[in-house]
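Heads up: the sequence shown begins at 1 in the UniProt record's numbering, then just goes up one per residue. Structure first, commentary second.
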Amino acid sequence: MFTRPLPADVDVSATTLGGRPALRLRTAPTGTAGEDVLLYLHGGGFVVGSARVTAHISAALLRHLDGRAVSLDYRLAPEHPFPAAPDDCLAAYRELLDSGVDPQRLVVAGDSAGAALAVVTMMRARDAGLPMPAAAVLFSPAVDLTLSGASMRSKDGVDPFFAPADLEWLFDQYLAGGDGAAPGASPVFADLTGLPPLLIQVGSSELLLDDAVRLAGRAGADEVAVTLEVVPRQPHVFQLDDGSAEAAAALERAGRFLATRLGGEKEES
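Listed below in structure tokens is the structure:
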């Protein structure tokens, strides 16, 4: 339902990263792109979704970079419950570094469950002594699998996509009886010290509003540079709607945020 056609000038090819299938996107002919790398992690409640569904988001962010984007198809629950997905994401991140990608030219982004995995990947990379990326963008992060945020109640019936029971079912598939409050599953409860600058975007109409707000607070308390944008009357991962002016503006801001952390905007051809 959310898959969109990509612009004609975006080159897409299948690849593998960290032992998993992935999509590689470029906006310049192969061999002429620069060294910036975007690692994108798709959403879908840890149960559904694919790199292809969110490829147009990766492409929109890529226009502000000088390089390529790689979107990972990590393993999904219930066939592959926690910690399969974060294991795959860390393996992908590690392979990028091992292949010679400069961490200061590397950025990470994700939506919903993928945004949570982006945070967890950076936490696990930090704990393993790996360098941090230059920045990360998080769209509607699902970072509290215990559903304890106040917006789970205040936005129930306002959110056009989900009821709390829907999210509870998805997270149960992923956790498979595990502890939803564990920091590696719900990074809103984690120590975020040492993470790179973060941009968090969320819609005011979504159940996960307080996930984003509390994650920003946690990051700020841990001395992480963080920017939180709450966009009025927008639903979960509204950036997926490529016909929306709000989505286009949000992706433009996100792309410029990444470009700034990478040292400047991509030159327009």
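Just so it is clear, CB atoms sit at the ideal spot from N, CA and C, and this is done for glycine as well.
{"query": "Whole-Å CB distance - Y93 paired with T54, under 8 Å assumed", "result": "Not a contact, Cβ separation roughly 18 Å."}
{"query": "D111 - containing beta strand (DSSP E), residue span", "result": "106 to 111"}
{"query": "Cβ-based burial, residue 271 [other Cβ within 10 Å; buried from 16]", "result": "Any property of residue 271 remains undetermined from this structure, which presents the chain solely from 1 to 269."}
{"query": "CA-to-CA distance, S154 to S13, given in whole angstroms", "result": "43 Å"}
{"query": "When F46, A85, V119, G110 are compared against V70, the one with the closest alpha-carbon", "result": "G110"}
{"query": "Spatial distance of D11 from P133 (CA atoms)", "result": "24 Å"}
{"query": "Straight-line gap, R256 to H64 (C-alpha atoms, nearest Å)", "result": "6 Å"}
{"query": "Identity of the residues DSSP links to D11 by a beta bridge", "result": "R26"}
{"query": "Inter-stretch contact (C-beta, 8 Å, three-pair minimum) for the region 94 to 109 and the region 75 to 82", "result": "no"}
{"query": "Euclidean distance between Cα positions of V107 and V37", "result": "6 Å"}
{"query": "CA-to-CA distance, S50 to L25, given in whole angstroms", "result": "14 Å"}
{"query": "Contacts around D156, its chain only, beta-carbon distance under 8 Å, and the 5 residues preceding and following it disregarded", "result": "A163, P164, L207"}
{"query": "Alpha carbon of E267 to alpha carbon of I200, nearest angstrom", "result": "In this prediction, E267 scores a pLDDT of 47, lower than 50, which makes its location untrustworthy; the coordinate-derived value is nonetheless stated afterwards. Computed Cα separation, rounded: 25 Å."}
{"query": "Residue from V237, R124, V188 whose Cα sits closest to the Cα of S205", "result": "V237"}
{"query": "Three-state secondary structure assigned by DSSP to E267", "result": "Confidence at E267 is low in this model, with a pLDDT of 47, below 50, so the placement of that residue is unreliable and no value is reported for it."}
{"query": "Three-way DSSP call (helix, strand, coil) for S71 in this model", "result": "strand"}
{"query": "Stretch-stretch touch, CB-based, cutoff 8 Å, three pairs: the region 185 to 195 with the region 216 to 235", "result": "yes"}
{"query": "Beta-carbon separation (whole angstroms), A115 vs P141, contact threshold 8 Å", "result": "4 Å"}
{"query": "8 Å Cβ cutoff met for F46 and A85", "result": "yes"}
{"query": "T16 (DSSP reduced to helix, strand or coil)", "result": "strand"}
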